[in-house]
Amino acid sequence: MKAEPADQIRLLDLQEIDSRLDQLAHRARTLPEIAEVERLDSDIEELRSKLTAAETELSDLDREQRKAESDVEQVRTRSERDSKRLDSGQVSSPKELEKLQSEIASLRSRQSELEEVVLEIMERREAAERRRSELREELASLEATRDAAEERRSSAMVEITNERASQQERRERVAAEIPEDLLAFYGKLRDQYDGVGVAALQYGRCQGCKLALSTAELGGMRSAEPDEVLRCEECRRILVRTSESGL
Ligand SMILES: [Zn+2]
1 MKAEPADQIR
11 LLDLQEIDSR
21 LDQLAHRART
31 LPEIAEVERL
41 DSDIEELRSK
51 LTAAETELSD
61 LDREQRKAES
71 DVEQVRTRSE
81 RDSKRLDSGQ
91 VSSPKELEKL
101 QSEIASLRSR
111 QSELEEVVLE
121 IMERREAAER
131 RRSELREELA
141 SLEATRDAAE
151 ERRSSAMVEI
161 TNERASQQER
171 RERVAAEIPE
181 DLLAFYGKLR
191 DQYDGVGVAA
201 LQYGRCQGCK
211 LALSTAELGG
221 MRSAEPDEVL
231 RCEECRRILV
241 RTSESGL
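Every letter in the sequence shown is one number past the one before it in the UniProt record's numbering, and letter 85, counting from 1, is 85.
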């Protein structure tokens, strides 16, 4: 293939732009904030389900507490009623009096047992409330961390998008100056060789594979026509001669 030396040099500019675009695409895919936000999202989700569990526990305890309080109330009412009967003097039979007294005693002991239950539920409720407010605080702080990471991610993305747009614009201008056949050949090699289709020959070394050319290869390049499109024997990329080629 033949191409004007100036067009070959222009191809090196295009390669530089394409490599930069590849770097930007890679950076956009691998921003550390992407993984960070993902990790925080899953932590937040876990915390939210813990919070839901704590809230369910609290409402269960509320119900238990209301039930226990109403049990206490029932026993207390009965015991008061019995005490009134006893005090009224209406019961005169010693046997019945004894029965009433024993019932009052057992109701009182039942009441204090039930009051213990209420206290125990209240303690559990307090612990559950503490747990809920701890989880709420933890969740708020995690959400703030996540929002900050998200903010960093989107500002990095804006930066990348802007540079990408300006490199794309440059690419269009440079590509328009390169003959189509050379451009197509470069594109094919770029696909084939890891995004690098062309390299400069610099001080006897191919900048594509970084290998030094043999004396015989250099001799061949020295005698080649300037518009001959050369290839690196080693990596098969287009090799462009510049003023720094050392030929
Ligand atoms: Zn090479």
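Glycine residues also receive a C-beta, built at the ideal position from the N, C-alpha and C atoms.
These figures come from a predicted structure and were not determined experimentally.
Arg-48: first and last residue of the uninterrupted alpha helix (DSSP H) it sits in: Judged by DSSP secondary structure, Arg-48 falls within the alpha helix (DSSP H) whose first and last residues are 32–88.
With 16 other Cβ atoms within 10 Å as the buried cut-off, status of Tyr-203: Exposed, by the Cβ-count rule.
Gln-15 beta carbon less than 8 Å from that of Gly-197: Cβ atoms of Gly-197 and Gln-15: closer than 8 Å.
Bridge partner(s) assigned by DSSP for Cys-206: Answer is Leu-201.
Near ligand 1: Ala-175 beta-carbon under 7 Å from a heavy atom: Exclusion of Ala-175 from the 7 Å shell around ligand 1 follows from its C-beta lying no nearer than that to any non-hydrogen atom of the ligand.
Near ligand 1: Gly-208 beta-carbon under 7 Å from a heavy atom: Yes, the Cβ of Gly-208 comes within 7 Å of a heavy atom of ligand 1.
For Val-117: DSSP bridge partner residues: Under DSSP, Val-117 shares a beta bridge with no residue.
When Glu-172, Glu-228, Ala-28 are compared against Ala-156, the one with the closest alpha-carbon: Of the candidates Glu-172, Glu-228, Ala-28, the residue whose Cα lies closest to the Cα of Ala-156 is Ala-28.
N- and C-terminal bounds of the alpha helix (DSSP H) containing Arg-190: Counting along the chain, the alpha helix (DSSP H) containing Arg-190 begins and ends at 180–192.
Collapsed DSSP secondary structure at Leu-211 in the structure displayed: In this structure, Leu-211 counts as coil in the three-state DSSP scheme.
Supposed close pair Ala-128, Ala-54 - CB separation, criterion 8 Å: So it is a contact: roughly 6 Å between Cβ atoms.
Contacting residues, own chain, Cβ-Cβ under 7 Å from Arg-131 (five flanking each side not counted): Excluding sequence neighbours, Arg-131 sits near Ala-54.
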